[in-house]
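The structure appears below as structure tokens.
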Amino acid sequence: MSHGFSPPLRRGLTAALTAGFLLAGAGTAAAHVSVSAPNATPGRSTVATFSVPTESDTAATTALRVAVPEIATARTEPVPGWTAKIERDDEDRVVAVTWTANPGGPGIRPGEFQRFVVSLGPLPDADSISFPAEQTYSDGTVVRWNDTGDHDSAEHPAPLLALGASAGDQSGHEHGDQSAAEPAESTDITARWLGGLGLALAALALGAGIGAVVRGRR
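Under mature numbering (1 follows the signal peptide of the UniProt record, and there is no 0), read the sequence shown as residues -31 to -1, 1 to 187, first letter to last.
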């Protein structure tokens, strides 16, 4: 009795594995430095959260520098094991915030991510704000998240924050809160849909392969 798979079953298993790997890759490819602040509106302060995944398999993230659009005030939330520094220009406007892992600390290890929270304001009168960032690894590699073109297709997109309606437009403000929250949630939702679709395709392909084996034996 042979313990190997028949050709139809092998083809079904190959199709299932291929679909699963391709769609799993599509979910992880979206990982990058991002920013969220669901209640962000022009003219007001907001609490922005920067999410920083370590994409290296061998090095940890040891620093993150985020450029900000000449904002008057910034206050960082303490992060255990990290030191924050606020940079200002000659007119005392905030131009960047840097978080650095303390000496001897692990930083953000491969396969992990960290959130850095900062209060910023007042926000400029704009539909969205880009926050070009530099992510430094323990091996000296620096990844610059500074592409400000097509955010969906850019290889290293700058963290982008969508703003709601201005403070004086109450009806638009409510709508803006919802739209500002969408970018922070869209990546996770898309990854879940792709993962579910991959499992469904894998099951269909496996079923087709088994069906072919049964029909062949008949």
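The beta carbon of each residue, even a glycine, is placed where N, CA and C say it ideally should be.
How would you label His144, buried or exposed, when you count the other beta carbons within 10 angstroms and need 16 or more for buried? To locate residue 144, count along the sequence shown from 1; it is residue 175. For His144, the predicted structure reports a pLDDT of 38, less than 50, and the residue's modelled location is therefore unreliable. A value from the coordinates is still provided. Label assigned to His144: exposed.
Straight-line CA distance for Ser97 to Leu129? In the sequence shown, residue 97 corresponds to position 128, counting from 1. In the sequence shown, residue 129 corresponds to position 160, counting from 1. Taking the straight line joining both Cα atoms gives about 7 Å.
Only counting the same chain, and skipping five residues up and downstream in sequence, which positions put a Cβ closer than 6 Å to that of Ala149? Against the sequence shown, residue 149 aligns to sequence position 180. Since pLDDT at Ala149 reaches only 36, below the 50 mark, its modelled position is unreliable, and the value read off the structure follows with that caveat. Pro7, Ala9, Ala131, Gly133, listed in sequence order.
Based on Cα-Cα distance, which residue from Ala102, Asp121, Tyr106, Ser107 lies nearest to Arg113? As a working mapping, residue 113 is identified with position 144 in the sequence shown. Here the closest residue by C-alpha is Ala102.
Can you look up Asp116 in the DSSP assignment and give me helix, strand or coil? Here residue 116 is taken as the residue at index 147 of the sequence shown, counted from 1. Residue state, collapsed to three classes: strand.
Say whether the segment 64 to 76 touches the segment 31 to 49, bearing in mind that this needs 3 or more beta-carbon pairs closer than 8 Å, one atom from each stretch. yes
Would you mind sorting Ala95 into buried or exposed? The rule is 16 or more other CB atoms within 10 Å of its CB. As a working mapping, residue 95 is identified with position 126 in the sequence shown. Exposed.
Please classify Thr27: is it buried, with 16 or more other beta-carbons within 10 angstroms of its beta-carbon, or exposed? As a working mapping, residue 27 is identified with position 58 in the sequence shown. Under this definition Thr27 is an exposed residue.
Can you list, in chain order, the residues of its chain whose CB lies under 7 Å from that of Gly50, leaving out five sequence neighbours each side? The sequence position of residue 50 within the sequence shown is 81, counting from 1. Hits under 7 Å: Ala70, Asn71, Gly74.
What is the residue span of the beta strand (DSSP E) that Arg44 lies within? Position 75 of the sequence shown, counted from the first residue, corresponds to residue 44. Unbroken beta strand (DSSP E) run through Arg44: 42 to 45.
Sorted by chain position, which residues of the same chain lie with C-beta nearer than 8 Å to Ser25's C-beta, five sequence neighbours on each side aside? In the sequence shown, residue 25 corresponds to position 56, counting from 1. Cβ within range, chain order: Pro79, Tyr106, Asp108, Thr110.
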